[in-house]
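Heads up: the structure comes next, in structure tokens.
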Amino acid sequence: MSHALPPRPRASHNAGALSGSIRVPGDKSISHRAMMFGAMALGRTTVTGLLEGEDVLATGRAMQALGANIEKIGETWQIDGLGVGGFLAPQTDLDFGNAGTGVRLTMGLVGAYPFVTRFVGDASLSARPMGRVLDPLRAIGVEVVEHHENRLPIALKGPTDPVPVHYRVPMASAQVKSCVLLAGLVIPGTTTVIEPIMTRDHTEKMLEGFGADIAIATDADGVRTITVAGLPELKAQELIVPGDPSSAGFPLVAALIVPGSEVVIENVLMNPTRTGLIDTLIEMGGDIAIENRRVSGGEDIADLRVKHSRLKGVSVPASRAPSMIDEYPVLAVAASFAQGVTHMAGLEELRVKESDRLAAVARGLEANGVVCEEGADFLTVTGKGAVPGGGTVATHLDHRIAMSFLVMGLASEKPVTVDDDRMIATSFPSFEADFTRLGAGFSQSEDAA
1 MSHALPPRPR
11 ASHNAGALSG
21 SIRVPGDKSI
31 SHRAMMFGAM
41 ALGRTTVTGL
51 LEGEDVLATG
61 RAMQALGANI
71 EKIGETWQID
81 GLGVGGFLAP
91 QTDLDFGNAG
101 TGVRLTMGLV
111 GAYPFVTRFV
121 GDASLSARPM
131 GRVLDPLRAI
141 GVEVVEHHEN
151 RLPIALKGPT
161 DPVPVHYRVP
171 MASAQVKSCV
181 LLAGLVIPGT
191 TTVIEPIMTR
201 DHTEKMLEGF
211 GADIAIATDA
221 DGVRTITVAG
231 LPELKAQELI
241 VPGDPSSAGF
251 PLVAALIVPG
261 SEVVIENVLM
271 NPTRTGLIDT
281 LIEMGGDIAI
291 ENRRVSGGED
301 IADLRVKHSR
311 LKGVSVPASR
321 APSMIDEYPV
331 LAVAASFAQG
341 VTHMAGLEEL
351 RVKESDRLAA
361 VARGLEANGV
371 VCEEGADFLT
381 VTGKGAVPGG
391 GTVATHLDHR
401 IAMSFLVMGL
411 ASEKPVTVDD
421 DRMIATSFPS
431 FEADFTRLGA
441 GFSQSEDAA
């Protein structure tokens, strides 16, 4: 998406009950990693169900710039990998657009290579802090040739003799953990990551699936020690990407708050590190049936049958944040329609997402008549069972802010307008079409609703 184009405001309004089934795009986290691991493996990796949003495609282009051959044949992506240590020096900057996961993991992926790699992104990504991944890379011996107060553009050059590290992750971040583990793949010896609070574990699962020598131990306090041996021979795989639970959050909440609704969300990833939103909504009284549980590619998946429910306010513990950090904006929307107070703690990570999501959510709620309190790392929403709506929300080029408040408008008394919906394509390109098929109402402007 070019941010030079004019914004495209979009409004949503209550058009009645939602019904039918929906299959959300493939999981974003797994899709990024599928591109990367396929590029590192020997042979041809095939991927079906890949999220074809702008972020993942940016990661794919970066892997091509590093020498991998990537091609889509019908509905299947084919990735011809180069083997661990086989990447070539890129002839151009690696442009990740708005892909925070893509850029941070790729810094680990190529940081230890003895050539210069320059990373760039759009205005939103260029404002996000990268010091959290640069610190462990510096410990490996990576030279940060260029940076702008630890923000993009950033250029890295790997050392002649990289050294494995024993690194304790200072915050709950799957991106930092993954960056270090991926760097360890091209470093002789054993790289160790200590993770005090467990985060999404797709990197560990996929490393094991591709044949890496990885071990995980968890102590009595839940602290995880992850070790990976350098220079493994990763073998090509056939991957099926399950539906993204973060994207599933939007039809999930919509069905709960729009009266008379019943929606089935198919093929949703149910990895325990990603189900915090579902757990919370069930605690709030949400009628969510988990059906057809199965395992695919080492990951738990299921279908979710969701019916309109009378929600009540709850207190969401800070310990749950790592399992639902991207879902707090849409949870705040659900809390707006609940009866009572919902308190969400441990939200400091929201300050450094595509936008300051905590502030953006609070201002969006206030613009639509919802009482809330924003703290440094918490949000408290006082729900009254209904939302006046009628406001315009500043999205700050953040796809999850845009989708969350469009969901709000489907049940509010007056339409809700977001100032731009173009960035939704980064993670959910079919959002409007899929929701329209369920019965949702959208329009170009609030007046047209």
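With full-length UniProt numbering, letter number 269 in the sequence shown gets 269, and the count goes up by one each step, no holes. Yeah, the Cβ is synthetic: ideal placement off N, Cα and C, and Gly gets one too.
Using CA atoms only, rank isn't needed, just tell me which of the options is closest to residue i.
| i | options | result |
| --- | --- | --- |
| A75 | V84, V370, T46 and L88 | For clarity, residue 75 is Glu in the given sequence; the question names Ala instead. Closest option to E75, Cα to Cα, is T46. |
| C372 | A255, V341 and P388 | V341 |
| S443 | V193, D419 and G141 | D419 |
| P242 | L51, A11, T203 and R10 | L51 |
| P25 | G298, S404, I265 and T280 | I265 |
| S319 | Q91, T280, M284 and P329 | T280 |
| S404 | S12, P6 and L5 | S12 |
| N292 | R351, R305 and G441 | R305 |
| T227 | E233, A236, K235 and E208 | E208 |
| H166 | L185, T190, E149 and F431 | T190 |
| R132 | R104, K353, T218 and V110 | R104 |
| G409 | I216, M206 and S336 | S336 |
| L5 | D300, Y113 and L397 | L397 |
| residue 460 | I30, Y328 and G67 | Residue 460 is absent from the model: the chain starts at 1 and stops at 449. |
| E348 | L379, F87, G121 and L331 | L379 |
| D55 | K205, T106 and G83 | T106 |
| F37 | G81, V387, L331 and G346 | G81 |
| K384 | A39, A433, E413 and E262 | E413 |
| residue 458 | G389, E354 and L406 | Missing from the structure shown is residue 458; the chain here goes from 1 to 449 and no further. |
Tell me which residues share the same chain as residue i and place their Cβ nearer than 6 Å to its Cβ, disregarding the 5 neighbours each side in the sequence.
| i | result |
| --- | --- |
| V169 | V176, K177 and E195 |
| M35 | T59, G60 and M63 |
| A394 | D419 |
Taking all protein chains shown into account, do 16 or more other C-beta atoms lie within 10 angstroms of the C-beta of residue i, making it buried, or fewer, making it exposed?
| i | result |
| --- | --- |
| N271 | buried |
| S21 | exposed |
| G344 | Looking at the sequence shown, residue 344 is not Gly but Met. Buried, by the Cβ-count rule. |
| residue 456 | No answer is possible for residue 456: it lies beyond the span of the chain, which begins at 1 and ends at 449. |
| E238 | exposed |
| T92 | exposed |
| G43 | exposed |
| T160 | exposed |
| R10 | buried |
Near residue i, which residues of its chain fall below 7 Å by C-beta distance, leaving aside the five closest residues on each side in sequence?
| i | result |
| --- | --- |
| I278 | I288 |
| R274 | R200, P245 and S323 |
| T392 | A367, T417 and D419 |
| T71 | The amino acid occupying residue 71 in the given sequence is Glu; Thr does not appear at that position. Answer for E71: Q78, listed in chain order. |
| R439 | Rather than Arg, the amino acid found at residue 439 in this sequence is Gly. The residues are A15, G16, A17, L18 and S19. |
| V145 | V116, A155, L156 and K157 |
| S315 | H343 |
Please classify residue i: does DSSP put it in a helix, a strand, or coil?
| i | result |
| --- | --- |
| V361 | helix |
| Y328 | helix |
| D434 | helix |
| E195 | strand |
| E233 | coil |
| R224 | strand |
| H343 | strand |
| S126 | helix |
| S309 | coil |
| D55 | helix |
| H147 | coil |
Leaving out five residues before and five after residue i in sequence, what residues of the same chain have Cβ atoms less than 8 Å from its Cβ?
| i | result |
| --- | --- |
| R151 | S126, A127, R128, P129 and M130 |
| A212 | L185, V228, A229, P232 and L234 |
| L182 | M36, L105, G108, L109 and T203 |
| P114 | K157, G158, P159 and T160 |
Is any heavy atom of the ligand SAH found at a distance shorter than 7 Å from the C-beta of residue i?
| i | result |
| --- | --- |
| A302 | Annotation note on the ligand SAH: not contained in the displayed structure, which lists no ligands. |
Problem - Runs of alpha helix (DSSP H) wholly within the segment 16-53 (minimum 4 residues, chain order) - result: 28-40
Exercise for the section: Jot down the residue ranges of each uninterrupted beta strand (DSSP E) in the segment 81-117, minimum 3 residues, whole runs only, in chain order. Expected result: none
Handout entry: In chain order, each beta strand (DSSP E) run of at least 3 residues that lies wholly inside the segment 385-430
Key = 416-418
Problem - Unbroken stretches of the beta strand (DSSP E), 3 residues or longer, contained in the segment 228-299 - result: 238-240, 262-269 and 287-296
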